[in-house]
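Undergrad: This structure is in structure tokens; I'll ask about it shortly.
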């Protein structure tokens with residue numbers, strides 16, 4: 001008798017999706033239905049070795065038009081980790097409705113030898129006929145999605161032409177009723193106050209300040225489920241939108257024009273015309289950030305978590321590009337100043353830092369290990385880093401935006417450092433890439449791997465135009481400290497050594513040490529002392545340095561170039577931040593209004 005061979009175990013993951021949040025809180029919904037049917041099908045295939053994985057991949061309230069879905073991201077991550085053999089869906093449009101996205105997913109599945117099964121549409125992705133059937137099904141799914149979108153747009157246009165607001169929350173100053181929009185009298189007075197102040201001051205910021213000082217708040221309204229909202233102070237974004245919203249003059253904004261509305265206006269046509277004339281005058285004219293080659297837009301954030309945008313201005317015939325922190329509402333409440341950085345200089349720092357990272361074999365090997373690379377494959381890639389670094393430095397400015405959008409996940413700008421987070425999947429592709437055209441990333445593959453590497457560069461790239469960049473305060477008239485003569489003499493010796501180095505460039509280190517009157521090793525230590533933080537040097541001259549800091553400590557230590565590390569190493573306190581909340585006293589604010 002022959003021996004029966006047991007089937008190979010195939011691990012099956014069930015993916016479900018629902019476009020809306022409707023009925024998601026019920027015990028039985030569309031996600032549950034999809035999962036039960038898929039689970040029953042897997043059970044029927046047990047003779048093939050199929051087993052259902054317990055992990056749930058459910059995307060409730062997510063459209064199938066894109067791939068930015070949390071459960072799908074987890075599914076792709078587990079596929080990359082080798083934990084899945086078969087992906088089971090109820091219908092193929094539950095996975096995606098986009099033909100382009102489907103092709104990307106199939107490429108990833110093929111690369112990982114993953115089978116895709118649709119319960120209600122029998123096909124096999126391992127042959128060409130199955131692929132053709134899938135493409136036909138997805139073409140019709142995409143066609144259906146586009147038809148639905150066109151019907152919704154036509155409905156919105158029709159309602160606006162008839163003067164009706166289509167969905168969403170009612171604008172500030174109105175309440176929604178069964179008879180349409182009705183005026184909310186307390187908020188209507190605020191709207192009229194805002195327009196009056198804008199006509200008087202002709203400045204958005206002054207109107208925002210007047211609203212803040214008046215302490216105006218929105219009315220408390222209740223949702224259909226009885227949830228209260230409102231009652232909070234008016235924020236600047238509300239002020240800005242009110243001034244430019246045609247709803248307040250009795251009209252509804254369309255795609256290219258406005259339509260007469262059924263609701264009652266809050267201001268007169270004359271007031272509206274004057275306000276719009278001021279808005280037109282205040283519109284920025286000149287260069288736009290999209291017409292530049294600066295590549296950090298969309299990737300750059302400050303250390304407080306605010307997105308940094310590119311601001312381009314034309315002054316005296318010359319363009320000035322600056323990265324500026326976004327005016328987030330929470331930072332306005334805490335009166336946080338915006339970070340500013342010259343775009344040309346910051347771009348150059350990032351390019352040089354990425355090139356240095358690629359050329360540094362130690363850092364590159366450590367980063368590539370995040371992808372699970374070892375042995376011969378790791379060494380081959382690490383050896384190609386220098387060539388990739390030279391290729392990056394030679395990349396034209398017009399091609400940098402696509403390149404850095406792929407290899408960088410995020411860049412954070414701080415006062416004393418720049419943090420670059422690499423997307424290692426694309427770093428590996430760039431090292432291996434030998435193409436002649438511009439390098440472009442593969443966003444569809446990014447969800448397959450979350451391998452990152454953080455590279456920190458000690459640099460002061462925040463523009464010090466308005467704030468001091470050095471932590472140096474004048475010496476107090478009654479300074480309690482007594483300067484250590486040996487330390488002061490050491491600092492002066494370091495200055496003398498630096499002067500000799502600059503004056504006698506034709507001499508070697510040994511000859512310079514003879515001029516200084518010391519040994520060669522000590523001369524090198526003196527040169528390093530010139531890189532001490534300014535606040536450490538001033539503390540030595542004031543005699544306020546830590547008591548255990550002596551001449552011997554400085555000469556025997558390796559002085560780091562990072563000022564923050566120097567302070568920790570030698571026992572100095574961290575100075576106050578160079579960029580502090582603005583002085584509120586000059587704005588007439590009480591001390592109690594200062595943020596914690």
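In the UniProt record's numbering, the protein residues as written are 1 to 596. For glycine and all other residues, C-beta sits at the position ideal for the given N, C-alpha and C.
1. At what residue ranges does the segment 309-385 contain a whole run of the alpha helix (DSSP H), taking only runs of 4 or more?
2. Assign residue 177 to one of three DSSP states: helix, strand, or coil.
3. Can you find the residues in the same chain that come closer than 7 Å, C-beta to C-beta, to residue 324, ignoring five residues on each side of it along the sequence?
4. Checking the sheet assignment: what are the DSSP bridge partners for residue 50?
5. DSSP three-state label for residue 204, please.
6. Thinking C-alpha only, which one of 572, 206, 507 is nearest residue 534?
7. Between the C-alpha atoms of residue 214 and residue 327, what's the straight-line distance to the nearest angstrom?
8. Using the Cβ count rule (16 or more neighbours within 10 Å means buried), how would you classify residue 499?
9. Extract the residue ranges of the alpha helix (DSSP H) inside the segment 401-463, only unbroken runs of 4 or more that lie entirely within it.
10. Could you tell me the distance, in whole angstroms, from the CA atom of residue 545 to the CA atom of residue 235?
11. Three or more beta-carbon pairs under 8 Å between the segment 383-394 and the segment 451-465, yes or no?
12. By DSSP, does residue 1 sit in helix, in strand, or in coil?
13. In this structure, how does DSSP classify residue 221 when only helix, strand and coil are distinguished?
14. Assign residue 41 to one of two classes, buried (16 or more other C-beta atoms within 10 Å of its C-beta) or exposed (fewer than that).
15. Based on DSSP bridge pairs, tell me the residues matched to residue 118.
16. Indicate whether the contact test is met: 3 or more Cβ pairs, each with one atom in the segment 511-520 and one in the segment 536-553, closer than 8 Å.
17. When you compare each of 507, 491, 116 to residue 525 by their alpha carbons, which one comes out closest?
18. I need the straight-line Cα distance from residue 267 to residue 183, nearest angstrom please.
19. Note down the Cα distance separating residue 170 from residue 155, rounded to an integer number of angstroms.
20. I want to check one thing, is the minimum distance from the CB of residue 102 to the heavy atoms of the ligand PLP below 7 Å?
21. Find the nearest neighbour of residue 186 within the set 151, 239, 231, 202, judged by alpha-carbon distance.
22. Helix, strand or coil: how does DSSP classify residue 228 here?
23. Does any residue of chain D bring its CB to less than 8 Å from the CB of residue 461?
24. Three-state secondary structure (DSSP) at residue 18?
25. Provide the residue span of the alpha helix (DSSP H) that contains residue 252, from first to last.
26. Output needed for residue 76: all residues of its chain with C-beta closer than 8 Å, excluding positions within five of it in sequence on either side, in chain order.
27. What span of residues does the beta strand (DSSP E) with residue 300 cover, start to end?
28. Can you have a look at residue 147 and say buried or exposed, based on whether 16 or more other CB atoms are within 10 angstroms of its CB?
29. Have a look at residue 362 and residue 347 and give me their C-alpha separation to the nearest angstrom.
30. Excluding the five sequence neighbours on either side, which residues of its own chain have a C-beta within less than 7 Å of the C-beta of residue 456, listed in chain order?
31. Select from 104, 79, 553 the residue whose C-alpha is nearest the C-alpha of residue 683.
32. Return yes when the Cβ of residue 296 is within less than 8 Å of the Cβ of residue 411, no when it is not.
33. Rounded to the nearest angstrom, how far is the Cβ of residue 88 from that of residue 119, given a contact under 8 Å?
34. Report the rounded CA-to-CA distance for residue 602 versus residue 238, giving the unit in angstroms.
35. Go through its chain and collect everything with a Cβ distance to residue 16's Cβ below 6 Å, but skip five positions before and after it.
36. Classify residue 101 as buried or exposed, calling it buried when 16 or more other Cβ atoms lie within 10 Å of its own Cβ.
TA: Quick look at the numbers:
1. 329-333, 343-359, 361-368, 375-383
2. As a first step, residue 177 must be located in the chain shown, where it is residue number 177. Strand at residue 177.
3. In the chain shown, the residue the question calls residue 324 occupies position 324. The residues are 308, 309, 311, 338, 340.
4. Translated into positions along the chain shown, residue 50 becomes position 50. For residue 50, which the question treats as bridged, DSSP gives the partners 10.
5. The residue you call residue 204 lines up with position 204 of the chain shown. Residue 204: helix per DSSP, three-state reduction.
6. Reading the chain shown from its first residue, position 534 is the one you call residue 534. When each option's Cα is compared against that of residue 534, the closest is 572.
7. Translated into positions along the chain shown, residue 214 becomes position 214. Translated into positions along the chain shown, residue 327 becomes position 327. Going by the C-alpha atoms only, they are around 22 Å apart.
8. Translated into the one-based positions of the chain shown, residue 499 becomes position 499. So residue 499 ends up on the exposed side.
9. 424-432, 443-446
10. Walking along the chain shown from the start, residue 545 turns up at place 545. Walking along the chain shown from the start, residue 235 turns up at place 235. Computed Cα separation, rounded: 47 Å.
11. no
12. For the purposes of this step, residue 1 is taken as the residue at position 1 of the chain shown. Only weak support exists for where residue 1 lies, its pLDDT of 49 falling under 50; the coordinates are left without a value.
13. In the chain shown, residue 221 corresponds to position 221, counting from 1. Residue state, collapsed to three classes: strand.
14. Working through the chain shown from its first residue, we reach residue 41 at position 41. Buried.
15. Locating residue 118 in the chain shown gives position 118, counting from the first residue. BP columns for residue 118 point to 89.
16. no
17. Numbered from 1 along the chain shown, position 525 holds the residue referred to as residue 525. The residue with the shortest Cα to Cα distance from residue 525 is 491.
18. To locate residue 267, count along the chain shown from 1; it is residue 267. To locate residue 183, count along the chain shown from 1; it is residue 183. C-alpha separation (whole angstroms): 12 Å.
19. Start at 1 with the first residue of the chain shown, and residue 170 comes out as number 170. Start at 1 with the first residue of the chain shown, and residue 155 comes out as number 155. C-alpha separation (whole angstroms): 18 Å.
20. For the structure depicted, the ligand PLP is absent and the ligand set is empty, with no information on it obtainable.
21. Within the chain shown, numbered from 1, the residue matching residue 186 stands at position 186. Cα-wise, what sits closest to residue 186 is 231.
22. Residue 228 sits at position 228 when you count from the first residue of the chain shown. It is a strand residue.
23. No chain D is present in this structure, which holds just one protein chain.
24. In the chain shown, counting from the first residue as 1, residue 18 sits at position 18. Correct three-state label for residue 18: strand.
25. The count along the chain shown starts at 1 and reaches residue 252 at position 252. Taken as a continuous stretch (DSSP letters only), residue 252 belongs to no alpha helix (DSSP H), being part of the beta strand (DSSP E) at 251-253.
26. As a first step, residue 76 is located in the chain shown; it is residue number 76 there, counting from the start. Closer than 8 Å at Cβ, skipping near neighbours: 108, 447, 448.
27. If you number the chain shown from 1, residue 300 lands on position 300. Looking at the DSSP string, the run of the beta strand (DSSP E) that includes residue 300 is 300-302.
28. Your numbering for residue 147 matches position 147 in the chain shown. Counting Cβ neighbours within 10 Å, residue 147 comes out exposed, since fewer than 16 surround it.
29. On the chain shown, residue 362 is found 362 positions in, with the first residue counted as 1. On the chain shown, residue 347 is found 347 positions in, with the first residue counted as 1. The straight-line gap from Cα to Cα measures roughly 24 Å.
30. Your numbering for residue 456 matches position 456 in the chain shown. The answer, listed in chain order, is 417, 419.
31. Examination of residue 683 is not possible in this model, given that the chain is present from 1 through 596 alone.
32. In the chain shown, counting from the first residue as 1, residue 411 sits at position 411. In the chain shown, counting from the first residue as 1, residue 296 sits at position 296. Yes; because the gap between Cβ atoms is below 8 Å, this pair is in contact.
33. Here residue 88 refers to the residue found at position 88 of the chain shown. Here residue 119 refers to the residue found at position 119 of the chain shown. Confirmed, about 7 Å.
34. Any question about residue 602 goes unanswered here, given that the chain covers just 1 to 596.
35. Residue mapping note: residue 16 aligns to position 16 of the chain shown, counting from 1. Result list for residue 16: 31, 34, 35, 58, in chain order.
36. Residue numbering aside, residue 101 sits at position 101 when the chain shown is read from its first letter. The residue in question, residue 101, is buried, as its Cβ has 16 or more Cβ neighbours within 10 Å.
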